Each structure stands twice: as structure tokens, then as C-alpha cells.
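Below: the structure, in C-alpha cells.
Listed below in C-alpha cells is the structure:
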């Protein structure tokens, strides 16, 4: 079983809709939770970072962490065609050697005009 | 402008050839990482470095080797490329500490025939 599970999609939504993405994980030591966006043929770029449980909002993006359920979510409001990309969740623990990140497989999102 | 660079972006090479994938960063980061990513799959850490003269193996076993002679430079070498090495290789860097964002390069897409 993978440490981090993420639905690969693709997730297709009309422009303006809310995109809902999530990951589940098994390692209770994870404390740092991240969402990366990766465009085709590019490296991932950090979108959101959350420490421990709770919500964090940044513009159209909201990240939620529920450590009791080992479940994290990313919501994208008012989605735009430019949001079409693969979204990767990543996690780390304070004990991880080298601040190693454990990634989900990514969810491909397509926002249709 | 502070950034992280990878060359070449694309490489098609025959079996048995020796190759070196270059990674350089101008961000002044001590930590650097190499990830391997197959299409639609997770990023897997194959090597990381805490600083000059420091190299460690990651979670995914790899026949590649790395060196860190200069802070800004973290090349990855395959002595004898095989078709099983076909993948995307991503380089990243971060500051040192409990948690800092990892900044990714654009990647090198390697195809071994």
C-alpha cells in the first residue's frame, strides 16, 4: 500500500466551477502538508503549505488538513482554464531524513472554457 | 534572478552510453535533491545532499550516482544507460531547516533506446 493515495483523474470541470482535490495518507508522523501544481513538461511549483491540522486560504485556493482522518484537501474556487494542470499532494515529517517529501501520484485537472 | 536550471531538457540516447544530467541553482540553497518521475506516477527521491561533499541515497534504488563539489551544482551520472532508466528526472533545492519549500527545476526527460 502506498503511503499517500491520490486519485489520478482526470477531473474535468467547466470554467468557474469549484475544483475539489484530496489525498489520504497512512503515516501518522506527517506534519507538513503541501500542494504542488505541475504543468506539462515543467517542474512542480508549490501552491499551498500547511503545518499540522486546519485550514489555509490563499486567494482562490483553500487547503484543509484533517489529521484525525489522515485526509487533506485542496479547493480551487472560480476555476480558470489556466488552472488545467496536474496537482500533487506532498507530505513530510520532522523526522524525515533530508526533509524528504512523500508525494501522491497527482490528479490531472482540466478546466474547460 | 534566483532560479534552478537543468540541462539538457530532453535527451535520447542509446543503451550503454554514459550520461550526466546537470542541475544548478542560484538560490544559495544548501540542500539539493534528485527525483525520478514516470508519467502519471509519484515523484520518487533517488538522491539528496545536505551540502558540499554530502550525498545520500533516497527511497528509490537507483543505479545513478551524484556528486556535490560546489554548493550550486548537483550533477547526476548514469555510467551505462539502459531502457529501464527512461524517465523524467527532476532536481530541487531548499534551505536548511525543519521545513522549507523545495524549488524544482524544469526536469530532464531521458529516453534510452
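Protein chains in written order, with the working numbering: chain A, 1169 to 1281; chain B, 909 to 1021. Quick reminder that beta carbons are idealized off the backbone N, C-alpha and C, glycines included. In this text the structure is predicted, and so the values were computed from the model without any measurement.
Next on the checklist: Nearest by alpha-carbon distance to residue 1239/A: which of 1247/A, 1220/A and 1229/A is it?
Outcome noted: 1220/A
Next on the checklist: Judging by CA-CA distance, which residue of 1180/A, 1244/A, 1277/A and 1179/A is the nearest neighbour of residue 1225/A?
Outcome noted: 1244/A
Item to check | Assigned secondary structure, residue 1267/A (DSSP; H/G/I helix, E/B strand, else coil) | outcome: helix
Checklist entry - From this set, 947/B, 948/B, 911/B and 962/B, which residue's C-alpha is nearest residue 933/B's C-alpha? => result 911/B
Checklist entry - Would you report the Cα separation of residue 1200/A and residue 1193/A, rounded to the nearest angstrom? => result 12 Å
Checklist entry - Beta-carbon separation of residue 1215/A and residue 1205/A under 8 Å? => result yes
Next on the checklist: Tell me the rounded alpha-carbon separation between residue 1241/A and residue 1004/B.
Outcome noted: 27 Å
Checklist entry - Near residue 1218/A, what residues of its chain come up, given a Cβ to Cβ distance below 6 Å and the 5 sequence neighbours on each side ignored? => result 1201, 1224, 1231 and 1233
Next on the checklist: Rounded to the nearest angstrom, what separates residue 1260/A and residue 1176/A at their Cα positions?
Outcome noted: 21 Å
Next on the checklist: On the DSSP letters alone, give me the boundaries of the beta strand (DSSP E) that residue 939/B sits inside.
Outcome noted: 939–945
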